[in-house]
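Note sheet for the following structure.
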Amino acid sequence: MKKLAFLTMLFSVSLMLNAQKFAYVDTDYILGSIPTYESAQEQIDIMSKDWQSEIETKYADIEKLYKEFQAEKVLLTEDMKRQREEEIIQKEREVKDLQRKYFGPEGDLFKKRKELIEPIQNDIFNAIKEIATEGSYGVIFDAAGGASMLYSDPKYDKSDEVLEKLGFKN
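Each residue of the sequence shown is one higher than the last, beginning at 473 in this note's numbering.
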């Protein structure tokens with residue numbers, strides 16, 4: 473009896489799966505075809521490089537201070553040594569705080585990326601959702617997101633439809 477119920481359930485599931493329509497999109501391709509995304513990414517890259525350069529300069533200054541301290545250490549009193557060490561440690565803290573401010577989980581880079589990129593991603597998601605609803609697709613995969621596809625028929629690629637929904641013609 474249990475075997476019959478299991479076989480019936482397995483058969484029902486296989487029928488439902490056969491009735492499902494599947495498609496895929498390539499979000500890397502879609503994003504690469506949207507000028508505002510490219511522009512936003514360039515802006516983020518420039519900011520990131522500028523901030524990284526600023527941090528590297530500050531670390532180089534600290535390294536210079538440390539080397540000067542090591543060279544003069546034998547000539548300094550204990551108070552002067554402690555004062556210089558504290559100065560170096562304080563500068564390191566400041567640079568690490570700045571690094572966190574720029575690149576931390578809730579840092580300026582994260583906020584800028586969210587401000588510039590998230591609206592584009594939301595538009596793409598909404599376009600995909602519309603295509604899925606209009607085409608009665610049960611599942612739409614992202615070929616760029618690491619989804620393993622051994623074979624994909626190009627007729628199921630809905631990337632260009634997503635771009636059309638977003639107002640970008642190829």
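Backbone N, C-alpha and C fix where the C-beta goes; we use that ideal spot for every residue, glycine too. None of the values given here were measured: they were computed from a predicted structure.
Exercise for the section: Compute the Euclidean distance between the alpha carbons of ASP551 and ALA532, then round it to the nearest angstrom. Expected result: 25 Å
Problem - Residue of GLY579, PHE541, PRO507 and LEU548 minimising C-alpha distance to ILE561 - result: PHE541
Handout entry: Check whether TRP523 and ASP580 have beta carbons under 9 Å apart
Key = The Cβ-Cβ distance between TRP523 and ASP580 falls below 9 Å.
Practice task
Just the C-alpha distance for LEU487 and GLY610, rounded to the nearest angstrom, thanks.
Solution key: Low per-residue confidence applies at LEU487: pLDDT is 45, beneath 50, and the placement is therefore not dependable, though the value from the model is reported in the following sentence. Roughly 14 Å between the two C-alpha positions.
Practice task
Check whether the Cβ atoms of GLU566 and LYS530 sit closer than 9 Å, and answer yes or no.
Solution key: yes
Problem - Limits of the alpha helix (DSSP H) - the one that TYR496 falls within - result: Looking at the DSSP string, TYR496 is not in any alpha helix (DSSP H); the run it does join, the beta strand (DSSP E), is 494-497.
Exercise for the section: State yes or no: is the C-beta of GLU636 nearer than 8 Å to some heavy atom of the ligand NAD? Expected result: You won't find the ligand NAD in this model; it holds no ligand whatsoever.
Practice task
Please classify ILE612: does DSSP put it in a helix, a strand, or coil?
Solution key: strand
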